[in-house]
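K.L.:
Chains A, B, C and D supply the protein sequences, listed in that same order.
Counted the way my numbering counts, the first sequence spans residues 1 to 523.
Counted the way my numbering counts, the second sequence spans residues 524 to 876.
Counted the way my numbering counts, the third sequence spans residues 877 to 1304.
Counted the way my numbering counts, the fourth sequence spans residues 1305 to 1708.
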Amino acid sequence: MTQTDTAVRLEDITKRFPGVVANDNVDLHVERGSVHALLGENGAGKTTLMNVLYGLYQPNSGRVVVDGEPREFDSPRDAIDAGIGMIHQHFMLVDTMTVAENIALGNEPRKWGGLAVDREAARREVVELSERYGFDVDPDQTIADVSVGVQQRVEILKALYRGADVLILDEPTAVLTPQEVEDLFGVLDELTDQGKTVIFITHKLGEAMHAADDVTVLRDGENVGTVDADETTREELAELMVGREVVLDVESTPPDVGETVLDVDSLSVLDDRDVPAVTDVSFAVREGEVFGVAGVDGNGQAELVEAITGLREPEAGTVEFDGRDFTDAPRRERIDGGMAYIPEDRQERGLVMDFDLVENGILGSQHGEPFAGSGTIDWDASREHAEAIVEEYDVRPPNADNDAVSLSGGNQQKFIVGREFERDPRLVVATHPTRGVDIGSQEFIHDRLLELRDEGRGVLLVSSKLDEVQGLSDRLAVMHDGDVMAVVDPDDVTEEELGLLMAGEHPEGYEPRSERDAKGVAQ
Amino acid sequence: TGGPSGGDETETTTEGSSGTTEDSKGTTTGSDTTHVGMVYATGGLGDGSFNDQAQSGIQQAREDFDLEFSESQPGAVSEFGNYQQQYAGSSNPDYDLVSCIGYLHADSLSETAANYPEQDFQIVDETVDADNVGSYVFREHEGSYLVGVLAAHLTSMSFSAGAGSTKPDSTNVGFVGGRESALIQKFEAGFTAGVKATNDDIDVQTSYIGSFNDTTAGQEAALSMYNSGSDIVFHAAGNTGTGVFQAAQDKGRFAIGVDRDQSVTKSSYADVILASMVKRVDTAVYNAAEAKVNGNFETGTTTTLGLQDDGVACVYGDQLESEIPEDVRTAVSDARQSIIDGDTSVPQNPSDA
Amino acid sequence: MSAADRARDLLGRLVRASAFERFLISISALLLSVFIGALIILGAGRMTDCSSAAYTIAVPGKFVTQFVGGSSVFAMGFCYDPFAVYDLLFLGALGDVLSNPLNGQFATTLAETTILMFTGVAVAVAFRADIFNIGVQGQLVVGALTTGVVLAYVAPPLADLGVLATVVLLPLGLLLGGVAGGAYAAVPGALKAYADANEVITTIMLNFVATSVALFLVSREKYFKDPESFANQTVPLPDVAMFPDFLFRPRDDVSLLALAFAIAVLVGIWYLLQHTSFGYDLRTSGLQPDAAEYGGVDADRTIVSSITLSGALAGIGGAVYVLMMLGNFQTGVPDYGFDGITVSILAGNNPLGVGFAALLFGVLKSGSVVVQVGSDVPPTLVGVLRGLIILFVAMPEFFRMIGRKFGSFDQPGEPVAADGATGGGSDE
Amino acid sequence: MSDGSRVAGTARSAVVGAYDRLFVGRSRLQQAVVGVVLLAALGLTAAGVFAPQSDAGRLFAVLTADSTLAATLRLSVPIAFAALGGIFAEKSGVINIGLEGLLIIAAFVGIWATDVTGNVWYGLLGGVLASTLLALLFAIVCIEFRADQIIAGLAVWLIALGLAPFLSSVIYGSKNTVSVDTFPTLTQMGIPFVSEFVTWELGFVVDLPDVGVDFVPNVIDLQSSLVGLPFFGALFDASPPVYLMLLAVALSWYTLHRTAFGRWVEASGENPKALDTAGVNVHRVRYGAVLLSGVLAGVGGAALALGVGQFTGNGPTMVNGKGFIAIVAYLFGNYHPVGALGSTMLFAGLDATQLTLQARDVFQVPTELVRTIPYITVIVVLAVFGRTRIPSAGGEHYESGEDE
Ligand SMILES: Nc1ncnc2c1ncn2[C@@H]1O[C@H](COP(=O)(O)OP(=O)(O)OP(=O)(O)O)[C@@H](O)[C@H]1O
Ligand SMILES: Nc1ncnc2c1ncn2[C@@H]1O[C@H](COP(=O)(O)OP(=O)(O)OP(=O)(O)O)[C@@H](O)[C@H]1O
Ligand SMILES: [Mg+2]
Ligand SMILES: [Mg+2]
């Protein structure tokens, strides 16, 4: 068998789901020993394409060629046998098992004629592999006890353990700190040096250019071009990705701030595992301003927001809302007091998936006027309300009788945004309000958010999209490891400075956060 | 094997077959055939004691007379009334007698009987005051007294027979009851009185299982008694008693059966069954059926069956009878005579025993 | 849009509506169970002995006719005739309803139906809140016991007041049952909400406890045993405390008033679930606890209050059992609670559906008496049917696959959970 | 360091270790309950030693009687087997609340097959086959047709609850079967495990001219002295199912924790997608686990019925909730086979003592109330300590190639 230069070739791959063409005649060539980035917006079809290569999905048409040989993968088993390994966006690890057990899962070395797992052999192999690639993992630790970065390394080891020559990484950096991202890119170099081929999925331009040799851009399920990473520019990639020139600047007038609506003081919060997630955080949000919180996902933003909105009991500190102490107030009291909340997880929290939109439209308002009086619900008023949201926020298909589950992710989000904005809130807590929403709707949501601000309501905006928080916020707090690193003026700060803050470092010239900044008293 | 006798592949026309269901519904039977509807107690058939005993009575009657019967096993007390009415109201066939087995029938029967004044009923184990009901009750405590005497004698000697043996130093015997109720307590009271009258130093260990159908618990309760020194356990627990026999076999000890001669009906345990406190429910059923056939069934009265008329009796085990010492048997028959003569009065309540 | 198009559109939407699909699935499950039940009857008929065949399957013996001649066929005889059994089971339960709608067997059917409505809706309410209340049986026992015991003291002094006494005693009895059943259910509710104790386990355990304690209390004269009776029961209640029997005869132990009350309760619970804030909270926390919490629902309180409501309904069922059927409390309460689970599942946990499912099971229960009296087939067959129905209702995907084969109800989206999780909104 | 101080040191660390295990990291309530239980145990022991005639003293005697252990082991058999079965199924992500039904069908077929073949072991095999078939039906319904596992499990219970008495009525004319042979105990079997083996070994030795002493009687004495041991003697004179149970617990632990299949079962219940992407067929693993639960519950059910030699089909049948208790047992045992055995024995032990207490009239508590002790204990323990984590994917259907 002759070695070809192309490790993997996907030819004319089409993959359809009910109502969507996720991949539309996609071609992809990946050079052996290279790092190949797959770039594209949410829903562009990146994961689907890689799932096809990994045998999880069978394409409707097209061919997979590995090492010059056409292959048909009926299951991941076949792909693994062909030397392909995939590290999924959501890690495929068993929390209750050890690192070594996870790595060996499905390929356990046996002893005693297959009757027992040779655990020593598995450990040895894991130790050996991690030494070869310079990983630092303890084979005996339980997955639940190790950090996300280590979990990712375990995933990579898992693929290598199965003899993968081609490694697919689906959005490997999404959950990592900048330092961990650098470490990861080091690992990728190590891998290619040893002759492995890497495909990694991302929607971050910088990463693609920095770490990859080639970049393929997917848009709406189609391959819109493969470029050499050294010869392209950010602008070119961005245009390929979204199909038009992007204007990220949101035009906004200077804020006209009033009273303090939300006052968070020395708040500390534990996460689900009882580990401190937020430590001693203080800030205030005032009428007529957007207070942004930036940071890499998983640095305590979620717990902070849940403590403010009443879904999580804080460990210490106080939350004052509208001048009253709300630290221990039940969730319902906060809703009634005028706190609107766009939750991060729309399918778990924001909507009851099996309710129709009429029923979902009153989620949170089911107890009082105008939809419920003396214990009974006024379904006619509720219907009108839902229909109004559907119309104004362009929810498609425009039918309030549809169950939430039948809507696409973006339309679900639009409905939630509509419901929360129409509450006539004092304060809007918005987490990732435009996640999964198409560009047109994004602009609409941004405009409505600013409108609310201009009407004199407070907005607490949490987003991991830097351009979004930076563009919309009047003041911007950067969180790292449960701590507010600094509260900055979003117009003055550079992306580099923000990046450093998000990574937990103070750029020169920036003071550590002060009570004054956080509460905005000086302005 | 099964299916209609006649083989698997019968050459027949589809019209030709008439089944049992047709029998009871469709075909008209001769007007001289007596029809009896049996409604058993909730334990159901297969208990090897009470209900089965009633069934053997009616089966015997069917052999002896021109009689047909239909039977049903209610699952709960609240269903009794419905079953009674099913038979009472049926016109095809028209049941001559509806026989209600067990004291739990009493309440619903007094209502049903009032509503079907033309229908004759029999009730066993309780008295129902109605003109169309014949009641049959037993003096269980008297029979139980006798097996108590038997047990007390045997446990204080060195006795070995069949698969069991007793130790002379043993000072206690056991009683296993089914569900707690006044009726079962009559058994307990008689047994305890018999034991105490024979030898006041012998204790009676008592356990109620709470069910007539929990063989495992019956077995464990009896095992626990055997382990703590009992040689002989008497049960009045329906099918739960099967567990008692099993325990006796496991431990090489003895048991005393109830309701029927269980050394015959549960012959695999004949080597440990010393005797059975037989309660002639079969006689009660048979007599009622016979009276009905002969046209002299008495209603509005209560027939009490005690030792005198062999309504209850201590019947020795088929296999072990010959091994039981003569003097013990004499003691038992003396006690019997003494009760019949009225010299011994047997308590019905355990607290009086 | 033409009328035909509109009709097709409407039909399409109907078919997609999960409530309708549920209905189809329940019917199919029932039919399939009846079919398999028939096979079991035939099979059992081969295993038992009888003198002549009750049912014969004739195989048109082409072979025979061709080579042997004549009109004879090969046939296989069976001791039981499934058609006759089903005739007794389903039609027998109605009695001669056409000539006499007030016949005793039909009365039994209605009485069973009435009790099953209460236990069925009790299970359904809990299910809708995502609580599996297996303890309905125990709650029913506790409700029945409380009603029987308390009324035994309260009722006799009032017995002379006639209708006035009924007006006081009947509601009091129902209230007692409801309060007792609710309180007994609140225990596992609180344990689930505040101590994370799995309600499936605690309610099963509490069933055993309820039965034992009830036996303890009514088997001793120093407590509540009727001294007049051998049976473990409380003293009989005076007639004025009982449900009046209107059209039916007193011995039928049924009351149309009780049935009407049961139906009113079903409608009331439906209204509660669909049209009140409490119902909204309950359904939301049943479907998606996280979303409920987000919507300001106090999860712990909802757990406790829903299972308390469920237990109260079961307890009222117990009270009706005492006040309509027995006239006192007696140990050995039939398994209405477990049948309630079946009823609720068959009804897709919809309170209105519970009415129909309860009727079906009322027919099965009453019909099994007729089967037992009228044939040799063991009535435990009904138990098998019940299990099969539940099994098939549990696998909607099976029917969808068949449906898809014939191109009827092909539907995108989530499968309807068999516990009726989906479709909360569609019956509003 | 003197020997004395070393002993003291060891004792001290043992005490501290026990203290750590019992009290540290527990809530106040839990500490209180553990404390009360320890005190009660201490009090009982004291009463047993100093006042053997008091109620407490007699309770102590009952608790420490070897017949108590024997009864506990016997009563444990069906529950423990069902619990082991439940562990496999649920760890693989299929919650099997139909265990009760599996026990019922196995109990009936166990008797029937024994009746037909005349051999207890064939009976056991028949019971296992029947239970496995029913488990297969359950597996198909849950895995192939995506049935709700709880409801399908309920259906399995109801079907068996109807079918077993139905078949019994058809075959034996009543819901209760006839009586058949039962398992003999070790002593009755002529003790093949211990004495015959050892006898044979030594018999060989005895043949050697050098050894003049006849060892054989000594060996048998060893056996009977083992049986005669206080409390633990019961371990040496039980019936085969008890030993099968102990063996099954060990084998189950081994299978779950030391074999590849066991690891797959765990992954299938915790994160089936991880298993799928590792190239193992999740459906196949789940089928295996559910069938195994059928086999194990089958042994338990058949052993239950063959312990008394009769199937009782009235009301809730002779199984009478043991399948549900088994679920409680493995939840208590936190899905660990040994833990499940421990909690099974706790429950069975309470049951056994309850019967003995009644018979010996210790503490004049009414029998009906004594009978509730095991159930109430379960509730209390569950309320105070009961936070079992069920496998993350337990109860969820898994289909390869779908988004979570
Ligand atoms: N199993 C599925 N069933 C139906 N539709 C699907 C399925 N998986 C993906 N899709 C749809 O296919 C399209 C492409 O999805 P894919 O997950 O490949 O996007 P992506 O590029 O990986 O996006 P992201 O960056 O958000 O991960 C989307 O519209 C998605 O909703
Ligand atoms: N797992 C699924 N099963 C069935 N239908 C699905 C599934 N996932 C998505 N769909 C359907 O596919 C369609 C596309 O959904 P998806 O969430 O991918 O939308 P999208 O293209 O990302 O749109 P948006 O930008 O609004 O999020 C929707 O109509 C949705 O109902
Ligand atoms: Mg993706
Ligand atoms: Mg999307």
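Note that the Cβ used here is the ideal one computed from N, Cα and C, for glycine as well.
Within 10 Å of its beta-carbon, does Ile707 of chain B have 16 or more other beta-carbons around it, so buried, or fewer, so exposed?
P.N.:
On the second sequence, residue 707 of chain B is found 184 positions in, with the first residue counted as 1. Ile707 of chain B should be labelled buried.
K.L.:
Beta-carbon separation of Thr202 of chain A and Thr173 of chain A under 9 Å?
P.N.:
Walking along the first sequence from the start, residue 202 of chain A turns up at place 202. Walking along the first sequence from the start, residue 173 of chain A turns up at place 173. Yes, these two residues count as a Cβ contact at 9 Å.
K.L.:
Check each candidate in D:Val1603, D:Ala1393, D:Leu1406, D:Val1599 and name the one with the smallest Cα separation from Gly1566 of chain D.
P.N.:
As a first step, residue 1566 of chain D is located in the fourth sequence; it is residue number 262 there, counting from the start. Checked all of D:Val1603, D:Ala1393, D:Leu1406, D:Val1599; the closest Cα to Gly1566 of chain D is D:Ala1393.
K.L.:
For Leu1148 of chain C and Ala1350 of chain D, what's the separation of their Cα atoms in angstroms?
P.N.:
On the third sequence, residue 1148 of chain C is found 272 positions in, with the first residue counted as 1. On the fourth sequence, residue 1350 of chain D is found 46 positions in, with the first residue counted as 1. So the alpha carbons of these two residues sit roughly 58 Å apart.
K.L.:
Relative to the C-alpha of Ser658 of chain B, which residue among B:His664, B:Glu665, B:Glu649 is closest?
P.N.:
By 1-based counting over the second sequence, the position of residue 658 of chain B is 135. Selected option, being the one with the closest Cα: B:Glu649.
K.L.:
Is there contact here, the segment 1009-1021 of chain C with the segment 1163-1173 of chain C, by at least three beta-carbon pairs under 8 Å?
P.N.:
Contact fails: fewer than three Cβ-Cβ distances are below 8 Å.
K.L.:
Smallest Cα separation from Ala430 of chain A: which of A:Phe185, A:Thr98, A:Met339?
P.N.:
Working through the first sequence from its first residue, we reach residue 430 of chain A at position 430. Cα-wise, what sits closest to Ala430 of chain A is A:Met339.
K.L.:
Does any residue of chain C bring its CB to less than 9 Å from the CB of Asp1452 of chain D?
P.N.:
As a position in the fourth sequence, residue 1452 of chain D is number 148, starting the count at 1. So yes, Asp1452 of chain D belongs to the interface.
K.L.:
Hey, Val1260 of chain C and Gly1466 of chain D are a contact pair by Cβ (cut 8 Å); roughly how many whole angstroms apart?
P.N.:
On the third sequence, position 384 is the one that residue 1260 of chain C refers to. On the fourth sequence, position 162 is the one that residue 1466 of chain D refers to. Confirmed, Cβ separation roughly 4 Å.
K.L.:
Helix, strand or coil: how does DSSP classify Thr96 of chain A here?
P.N.:
Indexing the first sequence from 1 puts residue 96 of chain A at position 96. Looking at Thr96 of chain A - three-state DSSP - the assignment turns out to be coil, as it is neither helix nor strand.
K.L.:
Please compile the residues from chain D whose C-beta is within a distance smaller than 9 Å of the C-beta of Ser791 of chain B.
P.N.:
Your numbering for residue 791 of chain B matches position 268 in the second sequence. Per Cβ cutoff of 9 Å: Val1482, Ser1483, Val1484, Asp1485, Gly1613.
K.L.:
Using only CA atoms, which one of A:Val437, A:Val417, A:Arg435 lies nearest to Val428 of chain A?
P.N.:
On the first sequence, residue 428 of chain A is found 428 positions in, with the first residue counted as 1. When only C-alpha atoms are compared, the closest one is A:Val417.
K.L.:
Out of curiosity, what's the CA-to-CA distance linking Asp1707 of chain D and Ser1088 of chain C?
P.N.:
As a position in the fourth sequence, residue 1707 of chain D is number 403, starting the count at 1. As a position in the third sequence, residue 1088 of chain C is number 212, starting the count at 1. With a pLDDT of only 45 at Asp1707 of chain D, under the threshold of 50, the placement of this residue in the model should not be trusted, and no figure is reported.
K.L.:
Helix, strand or coil, according to DSSP, for Met86 of chain A in the structure here?
P.N.:
Within the first sequence, the letter at position 86 stands for residue 86 of chain A. Met86 of chain A: strand per DSSP, three-state reduction.
K.L.:
In angstroms, rounded to a whole number, what distance separates the CA positions of Asp570 of chain B and Ala1607 of chain D?
P.N.:
For the purposes of this step, residue 570 of chain B is identified with residue 47 of the second sequence, where counting begins at 1. For the purposes of this step, residue 1607 of chain D is identified with residue 303 of the fourth sequence, where counting begins at 1. Their Cα atoms are separated by approximately 21 Å.
K.L.:
With which residues is Asp111 of chain A paired in a DSSP beta bridge?
P.N.:
For this step, residue 111 of chain A is matched to residue 111 along the first sequence. Looking at the sequence provided, one finds Lys at residue 111 of chain A rather than Asp. BP columns for Lys111 of chain A point to A:Ala116.
K.L.:
Once the 5 residues before and after Val1012 of chain C are set aside, which same chain residues still bring their CB inside 6 Å of it?
P.N.:
Numbered from 1 along the third sequence, position 136 holds the residue referred to as residue 1012 of chain C. Result list for Val1012 of chain C: Thr995, Ala998, Val999, Ala1190, Gly1213, Gly1216, in chain order.
K.L.:
Just by C-beta distance, which residues in the segment 1427-1455 of chain D are closer than 7 Å to chain C?
P.N.:
Answer set for the segment 1427-1455 of chain D: Val1445, Phe1449, Arg1450, Ala1451, Asp1452, Ile1454, Ile1455.
K.L.:
Using a 10 Å radius around the Cβ and a threshold of 16 neighbouring Cβ atoms, would you call Lys1626 of chain D buried or exposed?
P.N.:
Here residue 1626 of chain D corresponds to residue number 322 of the fourth sequence, with the count starting at 1. Buried.
K.L.:
In angstroms with no decimal places, state the Cα-to-Cα distance between Ser1696 of chain D and Gly1637 of chain D.
P.N.:
Translated into the one-based positions of the fourth sequence, residue 1696 of chain D becomes position 392. Translated into the one-based positions of the fourth sequence, residue 1637 of chain D becomes position 333. Each residue's Cα considered, the two are about 17 Å apart.
K.L.:
Which chain B residues are close to Phe1106 of chain C, counting only those with a beta carbon under 9 Å from its beta carbon?
P.N.:
As a position in the third sequence, residue 1106 of chain C is number 230, starting the count at 1. Chain B residues near Phe1106 of chain C: Tyr626, Leu627, Ala629, Asp648, Glu649, Ser704, Ala705, Leu706.
K.L.:
If we ignore side chains and look at the alpha-carbon of each, how far apart do Ala1582 of chain D and Leu1550 of chain D end up?
P.N.:
As a working note, residue 1582 of chain D is residue 278 in the fourth sequence. As a working note, residue 1550 of chain D is residue 246 in the fourth sequence. Approximately 34 Å between the Cα atoms of the pair.
K.L.:
Using the DSSP secondary-structure output, state which residues sit across from Lys802 of chain B in a beta bridge.
P.N.:
The count along the second sequence starts at 1 and reaches residue 802 of chain B at position 279. Answer by DSSP bridge pairing, in chain order: B:Val835.
K.L.:
Quick check: the Cα distance between Ser601 of chain B and Phe1106 of chain C, rounded to an integer number of angstroms?
P.N.:
Mapped onto the second sequence, residue 601 of chain B falls at position 78. Mapped onto the third sequence, residue 1106 of chain C falls at position 230. Distance between the alpha carbons of Ser601 of chain B and Phe1106 of chain C is about 16 Å.
K.L.:
Thr565 of chain B touches chain G at which residues, Cβ-Cβ below 7 Å?
P.N.:
Note that chain G does not occur in the displayed structure, where the protein chains are A, B, C and D.
K.L.:
Spell out whether any CB of chain D is found under 9 Å from the CB atom of Ser408 of chain A.
P.N.:
On the first sequence, position 408 is the one that residue 408 of chain A refers to. Output row for Ser408 of chain A: interface = no.
K.L.:
For the beta strand (DSSP E) that contains Gln645 of chain B, what are its first and last residues?
P.N.:
One-based indexing of the second sequence puts residue 645 of chain B at position 122. Taken as a continuous stretch (DSSP letters only), the beta strand (DSSP E) holding Gln645 of chain B covers 643-647.
K.L.:
Examine chain A for any beta-carbon lying closer than 9 Å to the beta-carbon of Ala1178 of chain C, and answer yes or no.
P.N.:
As a working note, residue 1178 of chain C is residue 302 in the third sequence. Note on identity: in this sequence residue 1178 of chain C is Thr, with Ala being the wrong assignment. With 9 Å as the cut-off, Thr1178 of chain C does not count as an interface residue toward chain A.
K.L.:
Which residues, in chain order, does the segment 744-756 of chain B contribute to contact with chain D at a C-beta distance below 8 Å?
P.N.:
Correct list: Ala744, Leu746, Ser747, Met748, Asn750, Ser751.
K.L.:
Please name the residue, chosen from B:Ala745, B:Phe777, B:Phe757, that lies closest to Gln1662 of chain D on a Cα-to-Cα basis.
P.N.:
Taking the first residue of the fourth sequence as 1, we reach residue 1662 of chain D at position 358. Residue B:Ala745 is the option with its Cα nearest to Gln1662 of chain D.
K.L.:
Which runs of the beta strand (DSSP E) spanning at least 3 residues fall entirely within the segment 1307-1371 of chain D, listed in chain order?
P.N.:
Segments of the beta strand (DSSP E) lying fully in the segment 1307-1371 of chain D: there are none.
K.L.:
Roughly how many angstroms lie between the CA atoms of Ala1630 of chain D and Leu184 of chain A, to the nearest whole one?
P.N.:
Position 326 of the fourth sequence, counted from the first residue, corresponds to residue 1630 of chain D. Position 184 of the first sequence, counted from the first residue, corresponds to residue 184 of chain A. The alpha-carbon atoms of Ala1630 of chain D and Leu184 of chain A are separated by roughly 48 Å.
K.L.:
Can you list, in chain order, the residues of its chain whose CB lies under 8 Å from that of Gly206 of chain A, leaving out five sequence neighbours each side?
P.N.:
For this step, residue 206 of chain A is matched to residue 206 along the first sequence. So the qualifying residues of the chain are Arg234.
K.L.:
To test your reading of the DSSP string, which unbroken beta strand (DSSP E) runs of 3 or more residues are found completely within the segment 753-784 of chain B?
P.N.:
Segments of the beta strand (DSSP E) lying fully in the segment 753-784 of chain B: 753-759, 777-782.
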